[in-house]
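Peer 1: First the structure, which I've put down as structure tokens, then a few questions once you've had a look.
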Amino acid sequence: MEDVGPRSGKSRVRRAVTADLDSILDIEEGSFPSPWNRDYFQAALKDLFLVFEAESVQGFLVACAYQAAKKALILKVAVHPEHRGKGIASELLRTAVELLKTENLEEVELDVDVFKSGAMRLYERFGFRVVTCVSTDPEENDAFCVMKRRL
Ligand SMILES: CC(C)(COP(=O)(O)OP(=O)(O)OC[C@H]1O[C@@H](n2cnc3c(N)ncnc32)[C@H](O)[C@@H]1OP(=O)(O)O)[C@@H](O)C(=O)NCCC(=O)NCCS
33 MEDVGPRSGK SRVRRAVTAD LDSILDIEEG SFPSPWNRDY FQAALKDLFL VFEAESVQGF
93 LVACAYQAAK KALILKVAVH PEHRGKGIAS ELLRTAVELL KTENLEEVEL DVDVFKSGAM
153 RLYERFGFRV VTCVSTDPEE NDAFCVMKRR L
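Residue numbers (our numbering): 33 to 183.
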């Protein structure tokens, strides 16, 4: 299977395939309160869908490109709870940005919940900047921010 990112030791970043979906669903369910189902991930296999694999699949990233708008959206980044804090999301983001740079796009965008300050710091390290924040539930102080970077 094609590697698309740097290989270090026994780990690699590669494109996701159908056989990865069980591991991906397991990570998804441990990461998000409203997880995507298998059909969503199956459909995402035609997009930019990367996995980080060491002994097993430990993290993934889903992005899609809109050529007409010259932009890409990062839809999801998640790492298995047992493997967080080891640079896996950083590796996935680095690879995704490098691949997107080859696609003649101008910018890449993502949404992040305001309470996820750790994730926001991670994206800032990759050059993403908050462009706007949208309140989803003022009573609960719930909001998400749109972050962008140029490609
Ligand atoms: C956010 C997430 C993808 C980071 O993955 P990761 O592989 O641990 O990230 P890295 O090791 O590359 O980078 C660690 C950075 O992520 C941030 N981070 C966010 N949540 C974290 C967590 N639960 N554990 C460790 N680091 C976390 C930290 O700020 C850390 O940055 P720091 O070194 O400045 O403290 C991961 O915590 C996760 O899957 N969370 C649940 C899903 C999610 O919230 N996805 C983002 C949606 S916007």
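Quick reminder that beta carbons are idealized off the backbone N, C-alpha and C, glycines included.
Quick test of your reading: residue 141 and residue 178, contact by CB under 8 Å. State the CB separation rounded to the nearest angstrom.
Peer 2: As a working note, residue 141 is residue 109 in the sequence shown. As a working note, residue 178 is residue 146 in the sequence shown. At roughly 6 Å, the Cβ-Cβ gap stays under 8 Å, so residue 141 and residue 178 are in contact.
Peer 1: Reducing DSSP to helix, strand and coil, say where residue 148 ends up.
Peer 2: Start at 1 with the first residue of the sequence shown, and residue 148 comes out as number 116. Of the three classes helix, strand and coil, the one that applies to residue 148 here is coil, per DSSP.
Peer 1: Could you have a look at residue 174 and say whether DSSP puts it in helix, strand or coil?
Peer 2: Locating residue 174 in the sequence shown gives position 142, where the first residue counts as 1. Strand at residue 174.
Peer 1: CB residue 109 to CB residue 131, shorter than 9 Å?
Peer 2: Residue numbering aside, residue 109 sits at position 77 when the sequence shown is read from its first letter. Residue numbering aside, residue 131 sits at position 99 when the sequence shown is read from its first letter. Result no, Cβ atoms of residue 109 and residue 131 do not sit closer than 9 Å.
Peer 1: Would you say residue 143 touches ligand 1, meaning its beta carbon is less than 8 Å from a heavy atom?
Peer 2: Reading the sequence shown from its first residue, position 111 is the one you call residue 143. Indeed, a heavy atom of ligand 1 lies less than 8 Å from the Cβ.
Peer 1: Flag residue 171 as yes if its beta-carbon sits less than 9 Å from any beta-carbon of chain D, otherwise no.
Peer 2: This model lacks chain D altogether; it includes just one protein chain.
Peer 1: Should residue 81 be labelled buried (16 or more other beta-carbon atoms within 10 Å of its own) or exposed?
Peer 2: Residue mapping note: residue 81 aligns to position 49 of the sequence shown, counting from 1. Residue 81 is buried by the Cβ-count criterion.
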